[in-house]
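Participant: Would you mind keeping the following structure in view while I ask a few things?
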Amino acid sequence: MRFEFTPTPQDYQKVIRIYYLSDIRLWIILGLFGLPQLCCSGYIISQNGFANGFFPFLLILLFPAFILYLLVWMPWSFAQRVKKNERLRAKTTWMVSGEQIIVKNEYSESKMDWETYQRVIESRGYFLLFNQANKNLFQMLPKRAFVTVEQELTFQKMLESKVKKYRVLQYF
């Protein structure tokens, strides 16, 4: 199978959001540390008002500020860098077989066996294939790269059979 697409800054923005929104460990850690911090700060303010200064109020703002940083600022700032880097916006070709995936553009070519991939996340518009060696490294394949629905379904079935962890995100 062969797929072609040209990545856009919006693609990078969306997949970064998908990455963070799908990282359960991140949300567990944020919940374990962020929610108690919110509760304690809220309690201090409800009992003493701002008699303790603005520090408890700043602690309350810290949690939502971090969420905004992850889901708004980081994707936006990366998209701005993509706009300036033509290598990240080069037309990309994927050639997929039962043995390997070849991803190439005018600047580079990568050949990976299926064992290279640890897990796959499928969202409404993208497939994210995560690297076995570096679990934070992934390759994106926009679903618009498929010419037909049958081609997408064939690729999806191949992913399900070749990669052990396959997760579909309903809302992203």
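In terms of the working numbering, the sequence shown opens at residue 4 and continues consecutively. Beta carbons are placed, not taken as given, at the ideal position from N, Cα and C, and that holds for glycine. Here the structure is a predicted model, which is why all the values come from computation and not from measurement.
Closer than 7 Å by C-beta to Val106: which residues in its own chain qualify, once you throw out the five before and the five after it? Chain order, please.
Facilitator: For the purposes of this step, residue 106 is identified with residue 103 of the sequence shown, where counting begins at 1. So the qualifying residues of the chain are Thr95, Trp97, Ser113 and Gln142.
Participant: Measuring alpha carbon to alpha carbon, tell me which of Asn108, Asn88, Leu91 and Trp117 ends up nearest Gly101.
Facilitator: As a first step, residue 101 must be located in the sequence shown, where it is residue number 98. Checking every option, the nearest Cα to that of Gly101 belongs to Trp117.
Participant: For the region 34–42 against the region 155–174, are there 3 or more C-beta pairs whose distance is under 8 Å?
Facilitator: no
Participant: Return yes when the Cβ of Arg122 is within less than 8 Å of the Cβ of Phe133, no when it is not.
Facilitator: Mapped onto the sequence shown, residue 133 falls at position 130. Mapped onto the sequence shown, residue 122 falls at position 119. Against a cut-off of 8 Å, the Cβ pair of Arg122 and Phe133 comes out as a contact.
Participant: Is it right to say Ser126 is buried, meaning 16 or more other beta carbons lie within 10 angstroms of its own, or is it exposed?
Facilitator: Translated into the one-based positions of the sequence shown, residue 126 becomes position 123. Residue environment analysis places Ser126 among the buried positions, since at least 16 neighbouring C-beta atoms fall within 10 angstroms of its C-beta.
Participant: Near Gln83, which residues of its chain fall below 8 Å by C-beta distance, leaving aside the five closest residues on each side in sequence?
Facilitator: Locating residue 83 in the sequence shown gives position 80, where the first residue counts as 1. Excluding positions up to five away in sequence, the list reads Pro12.
Participant: In terms of alpha-carbon separation, which member of Tyr174, Tyr120, Leu24 and Gln135 lies closest to Glu163?
Facilitator: One-based indexing of the sequence shown puts residue 163 at position 160. If we check each option's Cα against that of Glu163, Tyr120 comes out closest.
Participant: Indicate whether Ile124 and Ile21 have their beta-carbon atoms separated by less than 8 Å.
Facilitator: The residue given as residue 124 occupies position 121 in the sequence shown. The residue given as residue 21 occupies position 18 in the sequence shown. Yes, the pair counts as a contact, with Cβ atoms nearer than the cut-off.
Participant: If you run the structure through DSSP and keep just helix, strand and coil, what is Asn134?
Facilitator: Position 131 of the sequence shown, counted from the start, is the residue given in the question as residue 134. Looking at Asn134 - three-state DSSP - the assignment turns out to be strand.
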